[in-house]
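Colleague:
See the structure below:
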């Protein structure tokens with residue numbers, strides 16, 4: 145098995161360095177993984193990422209840098225798959241730091257699944273632990289809020305390359321934030337490709353500590369997520385997708401009640417969030433902020449879907 149790790153990046157040089165150093169330190173059985181490459185797709189960064197990678201090329205022998213104009217993560221991943229040399233693609237985001245045995249765990253899980261199924265209709269999904277500890281990201285303990293049952297979250301997955309090509313790669317209609325990976329997951333599931341969870345393929349997903357000045361961007365992302373959610377449902381009008389994008393009366397009632405009809409929002413909750421951050425609890429503040437952020441998502445998906453229906 146030759147693994148091409150495809151990592152899109154855009155203006156993330158400091159955390160990308162940690163991501164790539166962890167990928168260069170992978171320990172594996174050469175009888176299972178013959179070799180691997182790190183296809184870093186720079187999506188038009190303006191922070192010096194490309195120059196930094198060229199200057200430090202000797203420190204990253206597995207890295208192949210490919211450059212393109214800024215077009216978003218989906219387009220960058222597609223380009224990475226197209227130029228990849230491996231028979232197996234691992235998507236690892238540029239803000240994810242893998243443990244040393246993660247690629248081996250992915251490969252072993254795929255090999256075992258292929259033997260069990262009698263074919264290669266499977267992908268491996270690694271575990272993610274969210275962290276805001278930049279200096280020591282792998283020191284973060286796992287939390288209940290880290291759990292995800294998402295089908296094909298491309299922060300940490302591996303799959304036979306030909307299934308991505310058969311499914312048609314990432315849909316570039318998803319130009320805004322959100323859903324392009326899970327939409328590809330629906331197409332893979334329709335091809336009979338199953339998910340194998342691999343807890344040993346552990347990655348630490350870095351996010352900067354939550355701060356109040358991040359909220360406007362986060363709200364905008366949730367509105368975009370709502371719009372792309374409506375597009376997702378338009379392409380795959382199923383109950384499963386409706387639940388994923390939260391376009392149900394249950395979600396509308398739930399988040400409406402939790403936000404008191406939108407009255408608990410970024411303005412009214414700001415004093416409490418600020419106090420929690422000052423107490424050194426930015427993660428708790430973030431989880432509380434997700435209440436009104438989800439309300440923006442639900443409002444956004446219904447508004448976008450209504451527009452689509454009116455446009456016919």
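Numbering (the numbering used here), first residue to last: 145 to 456. Note that CB positions come from ideal geometry on N, CA and C, so glycine has one too. This one's a predicted model, so the numbers in the text were calculated from it and none came from an experiment.
What is the rounded straight-line gap between the Cα of residue 418 and the Cα of residue 429?
Modeller: The residue labelled residue 418 in the question sits at position 274 within the chain shown. The residue labelled residue 429 in the question sits at position 285 within the chain shown. Residue 418 and residue 429: Cα-Cα distance of roughly 8 Å.
Colleague: Taking DSSP's pairing of strands, which residues face residue 152 in a bridge?
Modeller: Here the question's residue 152 lines up with position 8 in the chain shown. Residue 152 is bridged to 185.
Colleague: With a Cβ-Cβ cutoff of 8 Å, do residue 486 and residue 272 count as a contact?
Modeller: Limits of the chain in this structure are 145 at one end and 456 at the other, which puts residue 486 out of reach.
Colleague: To the nearest angstrom, report how far apart residue 378 and residue 322 are at their CA atoms.
Modeller: On the chain shown, residue 378 is found 234 positions in, with the first residue counted as 1. On the chain shown, residue 322 is found 178 positions in, with the first residue counted as 1. Approximately 15 Å between the Cα atoms of the pair.
Colleague: Rounded to whole angstroms, what is the Cα-Cα separation between residue 351 and residue 236?
Modeller: Taking the chain shown and counting its residues from 1, the one referred to as residue 351 is at position 207. Taking the chain shown and counting its residues from 1, the one referred to as residue 236 is at position 92. Each residue's Cα considered, the two are about 15 Å apart.
Colleague: What's the gap between the Cα of residue 188 and the Cα of residue 364?
Modeller: Along the chain shown, read from residue 1 onward, the residue named residue 188 stands at position 44. Along the chain shown, read from residue 1 onward, the residue named residue 364 stands at position 220. If I take the Cα positions, the gap works out to 22 Å.
Colleague: Can you tell me where the beta strand (DSSP E) holding residue 386 begins and where it ends?
Modeller: Residue numbering aside, residue 386 sits at position 242 when the chain shown is read from its first letter. That residue, residue 386, is in no beta strand (DSSP E); its alpha helix (DSSP H) goes 383-389.
Colleague: Measuring CA to CA, which of 357, 145, 275 and 327 is closest to residue 253?
Modeller: Indexing the chain shown from 1 puts residue 253 at position 109. It is 145 whose Cα lies nearest to the Cα of residue 253.
Colleague: Classify residue 303: buried if its beta carbon has 16 or more other beta carbons within 10 angstroms, exposed otherwise.
Modeller: As a first step, residue 303 is located in the chain shown; it is residue number 159 there, counting from the start. Per the 10 Å Cβ criterion, buried.
Colleague: Here's the rule I'm using: 16 or more other beta-carbon atoms within 10 Å means buried, otherwise exposed. How should residue 288 be labelled?
Modeller: To locate residue 288, count along the chain shown from 1; it is residue 144. Residue 288 comes out exposed.
Colleague: Does the pairing of the region 377-397 with the region 336-346 give three or more beta-carbon distances under 8 Å?
Modeller: No contact exists between the region 377-397 and the region 336-346.
Colleague: Does the separation of the CB atoms of residue 191 and residue 213 fall below 8 Å?
Modeller: As a working note, residue 191 is residue 47 in the chain shown. As a working note, residue 213 is residue 69 in the chain shown. No; because the gap between Cβ atoms is not below 8 Å, this pair is not in contact.
Colleague: Name the residue from 324, 225 and 354 whose alpha carbon lies nearest to the alpha carbon of residue 310.
Modeller: As a position in the chain shown, residue 310 is number 166, starting the count at 1. The shortest Cα separation from residue 310 among 324, 225 and 354 belongs to 225.
Colleague: How many angstroms separate the CA atom of residue 326 from the CA atom of residue 297?
Modeller: Along the chain shown, read from residue 1 onward, the residue named residue 326 stands at position 182. Along the chain shown, read from residue 1 onward, the residue named residue 297 stands at position 153. Computed Cα separation, rounded: 6 Å.
Colleague: Got a sec? Which residues, its chain only, sit under 6 Å from residue 276 by beta carbon, not counting five neighbours each side?
Modeller: Start at 1 with the first residue of the chain shown, and residue 276 comes out as number 132. For residue 276, where only same-chain residues beyond five positions count, the Cβ hits under 6 Å are 351 and 353.
Colleague: Per DSSP, what kind of secondary structure is residue 213 in: helix, strand or coil?
Modeller: The sequence position of residue 213 within the chain shown is 69, counting from 1. Residue state, collapsed to three classes: coil.
Colleague: May I have the straight-line CA-CA distance separating residue 148 from residue 372, to the nearest angstrom?
Modeller: Walking along the chain shown from the start, residue 148 turns up at place 4. Walking along the chain shown from the start, residue 372 turns up at place 228. Going from the Cα of residue 148 to the Cα of residue 372 covers about 28 Å.
Colleague: Since residue 376 is in the alpha helix (DSSP H), which residue starts that stretch and which ends it?
Modeller: Sequence index remark: in the chain shown, residue 376 carries index 232 (1-based). Residues 359-379.
Colleague: I believe residue 391 touches residue 445 by the beta-carbon criterion, under 8 Å. Please report the beta-carbon distance rounded to the nearest angstrom.
Modeller: Taking the chain shown and counting its residues from 1, the one referred to as residue 391 is at position 247. Taking the chain shown and counting its residues from 1, the one referred to as residue 445 is at position 301. Right, the Cβ-Cβ distance comes to about 5 Å (below 8 Å), so this counts as a contact.
Colleague: Spell out a yes or no on whether the region 169-188 and the region 256-269 are touching, meaning 3 or more CB-CB pairs, one atom from each, closer than 8 Å.
Modeller: These segments do not touch.
Colleague: Heavy atom of the ligand SAH less than 7 Å from the Cβ of residue 385, yes or no?
Modeller: As for the ligand SAH, it is missing from this structure, which has no ligand bound.
Colleague: Can you tell me the Cβ-Cβ gap for residue 316 and residue 219, rounded? I've got them flagged as a contact below 8 Å.
Modeller: Within the chain shown, residue 316 is the residue found at index 172, counting from 1. Within the chain shown, residue 219 is the residue found at index 75, counting from 1. Residue 316 to residue 219, Cβ: 6 Å. Contact.
Colleague: With a CB to CB cut of under 6 Å and the five nearest residues on each side skipped, what residues in its chain are close to residue 196?
Modeller: In the chain shown, counting from the first residue as 1, residue 196 sits at position 52. So the qualifying residues of the chain are 157.
Colleague: On a CA-only basis, which of 355, 247 and 222 is nearest residue 423? Give me that one, please.
Modeller: Walking along the chain shown from the start, residue 423 turns up at place 279. The shortest C-alpha separation from residue 423 is found at 355.
Colleague: Does DSSP put residue 321 in a helix, in a strand, or in coil?
Modeller: On the chain shown, position 177 is the one that residue 321 refers to. Coil at residue 321, not helix or strand.
Colleague: Using the three-state DSSP reduction, which class does residue 275 fall into: helix, strand or coil?
Modeller: For the purposes of this step, residue 275 is taken as residue 131 along the chain shown, with counting starting at 1. Of the three classes helix, strand and coil, the one that applies to residue 275 here is strand, per DSSP.
Colleague: Ignore the nearest five residues each way along the sequence and tell me which others in residue 284's own chain have a CB closer than 7 Å to its CB.
Modeller: As a working note, residue 284 is residue 140 in the chain shown. Result list for residue 284: 273, 275, 277 and 348, in chain order.
Colleague: Measure the alpha-carbon distance for residue 210 versus residue 216 and round it to whole angstroms.
Modeller: Within the chain shown, residue 210 is the residue found at index 66, counting from 1. Within the chain shown, residue 216 is the residue found at index 72, counting from 1. Rounded to the nearest angstrom, the two C-alpha atoms are 14 Å apart.
Colleague: Taking the alpha-carbon positions, what's the residue 447 to residue 201 distance?
Modeller: Counting from 1 along the chain shown, the entry for residue 447 is found at position 303. Counting from 1 along the chain shown, the entry for residue 201 is found at position 57. The alpha-carbon atoms of residue 447 and residue 201 are separated by roughly 47 Å.
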